[in-house]
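Protein chains in written order, with the working numbering: chain A, 9 to 119; chain B, 37 to 150. Ideal placement from N, C-alpha and C gives every residue a C-beta, glycine not left out. All of these numbers come straight from a predicted model, not from anything done at the bench.
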Amino acid sequence: DVKVTQSSRYLVKRTGEKVFLECVQDMDHENMFWYRQDPGLGLRLIYFSYDVKMKEKGDIPEGYSVSREKKERFSLILESASTNQTSMYLCASRQGNQPQHFGDGTRLSIL
Amino acid sequence: GNSVTQMEGPVTLSEEAFLTINCTYTATGYPSLFWYVQYPGEGLQLLLKATKADDKGSNKGFEATYRKETTSFHLEKGSVQVSDSAVYFCALTPFSGGYNKLIFGAGTRLAVHP
Chain A
9 DVKVTQSSRY
19 LVKRTGEKVF
29 LECVQDMDHE
39 NMFWYRQDPG
49 LGLRLIYFSY
59 DVKMKEKGDI
69 PEGYSVSREK
79 KERFSLILES
89 ASTNQTSMYL
99 CASRQGNQPQ
109 HFGDGTRLSI
119 L
Chain B
37 GNSVTQMEGP
47 VTLSEEAFLT
57 INCTYTATGY
67 PSLFWYVQYP
77 GEGLQLLLKA
87 TKADDKGSNK
97 GFEATYRKET
107 TSFHLEKGSV
117 QVSDSAVYFC
127 ALTPFSGGYN
137 KLIFGAGTRL
147 AVHP
């Protein structure tokens with residue numbers, strides 16, 4: 009079974025902090041994704057990566073950046089956290105035309 | 037553009053009732069369609085999928101049929117259980133030949149009571 013592991017289930021940070029969310033997958037998948045999930049809006053794609061050091065903007069990239077230095081790890085970075093970035097963040101990975109596999113999510117609160 | 041519209045929740049049912057959650061889509065070309073489920077405190081799990089018109093996806097007693105003529109992919113289950121209580125997301129992957137982006141609906145919360 010594919011395992012996608014997000015480093016934290018819950019995280020509380022302060023406005024203006026630089027925040028790192030980490031995601032690791034164990035199946036050598038080429039593609040990795042970061043989404044945020046908000047009530048009534050479903051999941052929205054922030055960034056994705058199709059290879060090491062490669063990244064593409066999703067639908068809502070503003071205020072975020074990403075890093076993929078190794079194939080198994082995809083990091084989401086909030087450069088200067090703001091309260092409107094309080095949300096549930098979900099990481100996913102995928103190989104070829106197979107469905108995406110999701111981690112359990114990180115619930116991030118920005119105070 | 038590409039989009040997915042789901043019926044608003046919450047949907048509240050008694051155990052053993054019949055479930056339908058409506059999903060319609062707008063897409064260019066021939067998308068693949070998915071239902072994902074999110075149990076409390078967990079990430080999303082793929083429930084079922086269909087990749088072409090008239091395909092029926094099924095899993096754990098749930099079914100959905102890819103209807104191109106009505107651009108729909110409604111989720112059904114004949115007899116729900118309390119353990120089916122979760123949020124259900126309809127999603128599509130556009131046929132683009134490019135990156136494999138998933139587009140989600142807003143989600144429908146299902147609550148099943150004994």
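Taking 7 Å as the threshold (C-beta atoms), are T94/A and L19/A in contact?
Against a cut-off of 7 Å, the Cβ pair of T94/A and L19/A comes out as no contact.
Near T17/B, which residues of its chain fall below 6 Å by C-beta distance, leaving aside the five closest residues on each side in sequence?
Since the first residue of chain B shown is 37 and the last is 150, residue 17/B is not available in this structure.
First and last residue of the beta strand (DSSP E) that includes H149/B?
First-last of the beta strand (DSSP E) with H149/B: 144-149.
Cβ-based neighbour list, V60/A, same chain, cut-off 8 Å, excluding 5 preceding and 5 following
R76, E77, K78, K79
Compute the beta-carbon to beta-carbon distance between G97/B and K113/B, rounded to the nearest angstrom, for a pair I have assumed lies under 8 Å.
5 Å
So, A89/B versus Y75/B, is the Cβ gap smaller than 7 Å?
no
Between P69/A and chain B, is any beta-carbon pair separated by less than 7 Å?
Taking 7 Å as the CB threshold, P69/A stays off the interface with chain B.
Interface residues of chain B facing D112/A [CB-CB closer than 9 Å]:
Within chain B, G77, E78, G79 have C-beta atoms less than 9 Å from the C-beta of D112/A, given in sequence order.
Quick check for students: name the residue ranges of the beta strand (DSSP E) that lie wholly in the segment 34-75 of chain A, counting only runs of 3 or more.
List check, beta strand (DSSP E) in window: 39-46, 50-59, 62-65.
Residue nearest to P107/A in terms of C-alpha spacing, selected from L82/B, T62/B, E44/B:
L82/B
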